[in-house]
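S.K.: In order, the protein sequence lines correspond to chains A, B and C. No gaps in the numbering here: position 151 of the first sequence is 151 in the working numbering, and each next residue is one more. So the working numbering is basically just the index in the second sequence, starting at one, shifted up by 1000. So the working numbering is basically just the index in the third sequence, starting at one, shifted up by 2000. The structure that follows is given in the form of structure tokens.
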Amino acid sequence: MSTEPEGTPPAIATSGLVRRYGERAALDEVTLSLETGSTLVVFGPNGAGKSTLLRVLATLLRPTAGTASVLGRDVRREGWAVRGRIGFLGHAPLLYGDLSARENLAYHARLHGLRGTAATERIDELLGAVGLERRGDDRVHAYSRGMVQRLAVCRAVLHDPEVLLLDEPRANLDPAAAEQVEPLIGRSSGRTRVVTSHDPAGGLAEGDVALGLRAGRQALLAPAADVTAEQIGELYR
Amino acid sequence: MPTTRKLYGTRLRALSILTAVVLTGGFALAAFYAPIEADQGFSQKIFYLHVPLAIVSLCGFIFGGICAIQYLRTNDPRHDLRAYTAIHQSLIFCAAALVTGSIWAKAAWGQWWVWDEPTLVSFLIVFLLYATYQPLRFSIEDPEKQSRYAAVFAIVAGAFVPLNFLAVRLANPLIHPRVLNSSGGSLPVDMKAAFYACLIGMALLFVTLWKYEMTAKHNRAQLRSLKRKLGGPDAAAIRGRSAAPRVSAS
Amino acid sequence: MSAPSPPSTLGAARAVLAKELRLERRAPQTLVAMALFSAMTYVVFHFALRRDTVEGDLASGVLWVTLTLAALLGIGRLFVADRDEGGLEGFLLAPVDRTALLFAKAGALLAFLAALELVAVPLFAVLLLGPSPGAGTWLRLVAVLLLADLGIAVVGTLVAAIAVQTRARDLITSILALPLLLPVVIAAARASAPLLALHGDHALTGRWPAVLGLYDLVFGLLAYALFDFLVED
């Protein structure tokens, strides 16, 4: 799975991670560790805490208790150090409908320190990879949902992040589009990934480690090869 | 069961008795010992109620701001509870100051409200500002966010108070000589005694009420927690949306 | 491609500000509404006060009440697009200081106010203002407008950031912003009154601009210190 020398910190690690909203615990004592270049697949019914886990790792939410670290940096205290190296794809595409695709990507590029010709080249490269280069100057509110999702993928990988946090990345994508985004955010991209999934067979196939959440609690954590689709199904009962 | 940490409810009885004594004494001094003012007559004595209420409410608002700073620095919800209680009590004291001020205005100048008394006007503005504190808290559902935003508001409002007084005072070149302005400075001795007694009494009243409210909230939280422990999670009603901070039962 | 170096705070602020202005240019809702509102308010004042022209204190009052209420519209809309379209998270994911957002949003509000005044103040001069001030007086008025706009922009951004997280956004905006903006209104109105008077020397006394400056400074520092708490989760 990884060929790193001893002593390299895991790409992602949490210990007793808790995130509460008032009296409700969205995440309750989640402990895991993920090596660089591996994929963690997160299963669980709606409301189990999958999105919350991703948002904590993305430094968008602070843990209520416990620790979480990405690329060796604690998310609570050193979030600023890793933000530029994380690519996050959530439920919301984080795009402005009144701006064109190119303008949206240029804005995000600037926020990540990418400017001028380097930015334009990168944007053209990504738009070409997902087949949007001809619609690049259209406003995003004219896009179909599949196109919005493809553009959101571009936004997530624009700054060439080392870690990808993907919340249902293939939502709204037809098989052809899913193939287009695969080299960017899929297993073949070679990046460390945390992906949520509702598809037991497909999810297990693309992951190295499987995490099952139920009501915020860690119901299962094991290498994907050792987990069966039935075990995943149990989470939903 | 936590019984060793008596954070709330300490010295309440002693404090209440002290408050009652000083306040009654102060009022008695004001009513009987202090002289009757020449122009305004007996009704001027409402000054002994109005000014202490005003001063204590302002101090309460500023204290609330300080607790809010502490909350932002430490994230300890107890500071948020202190700030909340201080501010919402100061609001009541401020309302009382406005009402007594209005009564004084009617008694002294025949009108229920006077715009050329800058301090009174400033108090109205401060009241209107802090009156938004509870609606603001209520409109944010997530408790941690509610506490944090309320803290930011309390600090901004606290900084606003002196600026507001300055601006209103500058806007009003005509300041009628009032006993208000000479308080603490050139008051005759017998008036001073009554005034300070009332002021200390009001301050004690504020502190006592403040402690009582926090203790009551804490007790209710403990009761809920015990009910849940004994009867299962459904034994106590779940708290709905509320403007008040969540109190943990520890 | 190696990871790019994070942008400076001012660079990020410039990027966000450019985005804000571009969005408004594309869909100019806020500015148009503020301008229309101002024009309508002048008409309301004409009928409510039963005056064809106003001067001095009254003119100053009408102008500043109108500008303040129009500003409330802008304040209420400041973070709405970010809330609805998730733009705020896009910013939070970037390796930039959160204060850049404060600079950008306050800058945007300042720009909107300036644009509004370019329309609303001449309109006021045409519709309701009695005296015709000279060039020097106009310049002094512009100075007052600028100082006041700075204060409104800073406090407006704070209030907008608070209000957008509540469930009663438009209500909270109004009741929170008006008391906080009162010192600005007092100082600006008092400063403008002699400038809009029929007679007199049209001078700008030092004390009111000083109050505005003090307000801008205090709330500027407060906003700088507290803004992070409003944006982080």
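Using N, Cα and C, we set each Cβ at its ideal position, and we do this for glycine too.
Give the straight-line distance between the Cα atoms of B:His1218 and B:Thr1024, rounded to the nearest whole angstrom.
M.R.: Whole-angstrom Cα-Cα distance: 29 Å.
S.K.: Helix or strand or just coil, what does DSSP make of A:Thr14?
M.R.: The answer is strand: DSSP assigns A:Thr14 an E or B state.
S.K.: Give the straight-line distance between the Cα atoms of A:Thr120 and B:Lys1145, rounded to the nearest whole angstrom.
M.R.: Those two C-alpha atoms are separated by around 39 Å.
S.K.: Please check if any C-beta of chain C sits within less than 8 Å of the C-beta of A:Gly216.
M.R.: So, not an interface residue.
S.K.: Using DSSP's beta-bridge definition, name the partner residues of A:Pro223.
M.R.: Answer is A:Val209, bridged to A:Pro223.
S.K.: In the region 2091–2109 of chain C, which residues sit with their C-beta less than 7 Å from some C-beta in chain A, listed in chain order?
M.R.: Those residues of the region 2091–2109 of chain C that come within reach of chain A (Cβ to Cβ, closer than 7 Å) are Phe2091, Leu2092, Leu2093, Ala2094, Pro2095, Val2096.
S.K.: Would you tell me roughly how many angstroms separate the C-alpha atoms of C:Ala2106 and C:Val2159, rounded to the nearest one?
M.R.: Approximately 11 Å between the Cα atoms of the pair.
S.K.: Tell me which residues share the same chain as C:Ala2223 and place their Cβ nearer than 7 Å to its Cβ, disregarding the 5 neighbours each side in the sequence.
M.R.: Correct list, in chain order: Leu2102, Val2154, Thr2157, Leu2158.
S.K.: In terms of alpha-carbon separation, which member of C:Leu2010, C:Ala2071, C:Gly2213 lies closest to C:Thr2041?
M.R.: Among C:Leu2010, C:Ala2071, C:Gly2213, the Cα nearest to that of C:Thr2041 belongs to C:Ala2071.
S.K.: Should the region 2118–2132 of chain C be regarded as contacting the region 2172–2181 of chain C, the criterion being three or more beta carbon pairs within less than 8 Å?
M.R.: These segments do not touch.
S.K.: Cβ closer than 9 Å: which chain B residues qualify as neighbours of A:Gly22?
M.R.: Near A:Gly22 (Cβ distances below 9 Å), the residues of chain B are Glu1141, Asp1142, Pro1143, Glu1144, Arg1239, Arg1246.
S.K.: What separation, rounded to the nearest whole angstrom, lies between the Cα atoms of A:Val181 and A:Val130?
M.R.: Spanning the two alpha carbons is a distance of roughly 6 Å.
S.K.: Taking 8 Å as the threshold, find out whether the region 1186–1199 of chain B comes into contact with the region 1101–1118 of chain B through three or more Cβ pairs.
M.R.: Short answer: they don't touch.
S.K.: Using a Cβ-Cβ cut-off of 8 Å (strictly less than) and excluding sequence neighbours within five positions of C:Asp2216, which residues of its own chain qualify?
M.R.: Only Leu2147, Leu2150, Gly2151, Val2154 meet the Cβ criterion.
S.K.: Does the distance from the C-beta atom of A:Gly72 to that of A:His112 stay below 8 Å?
M.R.: No. Outside cutoff.
S.K.: Using a Cβ-Cβ cut-off of 8 Å, state whether B:Arg1205 counts as contacting chain C.
M.R.: Contrary to the premise, residue 1205 of chain B reads as Leu rather than Arg in this sequence. So, not an interface residue.
S.K.: Who are the near neighbours of A:Ala178 in its chain, counting only those whose CB is closer than 6 Å to its CB and skipping five residues on each side?
M.R.: Here the set comprises Arg170.
S.K.: Would you mind stating whether B:Ala1154 and B:Ile1055 have Cβ atoms separated by less than 8 Å?
M.R.: The answer is no: Cβ separation not under 8 Å.
S.K.: Hey, B:Gly1026 and B:Ala1197: beta-carbon distance below 8 Å or not?
M.R.: Yes.
S.K.: Does A:Gly113 come within less than 8 Å of chain C when only Cβ atoms are used?
M.R.: For A:Gly113, the answer is yes, since a Cβ of chain C falls inside 8 Å of its Cβ.
S.K.: Residues of chain B with CB under 7 Å from C:Arg2190, in chain order?
M.R.: Simply Ala1171.
S.K.: Please name the residue or residues paired with A:Ile86 in a DSSP beta bridge.
M.R.: DSSP output for A:Ile86 lists A:Val163 as bridge partner(s).
S.K.: With 8 Å set as the bound, which would you pick, yes or no: does the beta-carbon of A:Asp98 sit closer than that to a beta-carbon of chain C?
M.R.: Closer than 8 Å to some Cβ of chain C, the Cβ of A:Asp98 qualifies, so yes.
S.K.: For C:Thr2009, would you say it is in contact with chain B, using Cβ-to-Cβ distances shorter than 8 Å as the test?
M.R.: Chain B, which has no Cβ nearer than 8 Å to the Cβ of C:Thr2009, makes this no.
S.K.: Would you list the residues sitting across from A:Tyr21 in a DSSP beta bridge?
M.R.: Paired residue(s): A:Arg24.
S.K.: What residues from chain F crowd round B:Ile1125, counting only those whose CB sits closer than 7 Å?
M.R.: In the displayed structure, chain F is absent; the protein chains listed are A, B and C.
S.K.: Our contact map puts C:Leu2196 next to C:Glu2055 with C-beta atoms below 8 Å; I'd like the distance itself, whole angstroms only.
M.R.: Contact holds; Cβ gap of about 6 Å.
S.K.: How close, in whole Å, do the beta carbons of C:Pro2194 and C:Ala2203 come, if the pair is a contact with beta carbons under 8 Å?
M.R.: Contact holds; Cβ gap of about 6 Å.
S.K.: Between the Cα of A:Arg145 and those of A:Thr117, A:Ala92, A:Ala106, A:Leu114, spot the shortest distance and give me the residue it belongs to.
M.R.: For A:Arg145, the nearest C-alpha among the options comes from A:Ala92.
S.K.: Tell me the DSSP secondary structure of B:Val1179 in three-state form.
M.R.: Model confidence at B:Val1179 stands at a pLDDT of 45, short of 50, so the residue's coordinates are unreliable and nothing is read from them.
S.K.: Between the alpha carbons of B:Ser1183 and A:Ala58, how many angstroms are there, rounded?
M.R.: Any reading at B:Ser1183 needs caution, since the residue's pLDDT is 45, under 50, leaving its predicted position unreliable; the model's value is listed next. Approximately 58 Å between the Cα atoms of the pair.
S.K.: Taking C-beta to C-beta, are B:Thr1019 and B:Leu1199 nearer than 8 Å?
M.R.: Against a cut-off of 8 Å, the Cβ pair of B:Leu1199 and B:Thr1019 comes out as no contact.
S.K.: Under a Cβ-count criterion, where at least 16 other Cβ atoms within 10 Å of its own Cβ denotes burial, should B:Pro1177 be classed as buried or exposed?
M.R.: Here B:Pro1177 scores only 41 on pLDDT, less than 50, and its place in the model is too uncertain to base an answer on.
S.K.: Assign B:Gln1134 to one of three DSSP states: helix, strand, or coil.
M.R.: B:Gln1134 falls in the helix class under three-state DSSP.
S.K.: Of all the CB atoms in chain C, is at least one closer than 8 Å to the CB of B:Asn1164?
M.R.: Chain C, which has a Cβ nearer than 8 Å to the Cβ of B:Asn1164, makes this yes.
S.K.: Which class does C:Val2164 belong to by DSSP, given the choice of helix, strand or coil?
M.R.: Three-state DSSP puts C:Val2164 in coil, outside helix and strand.
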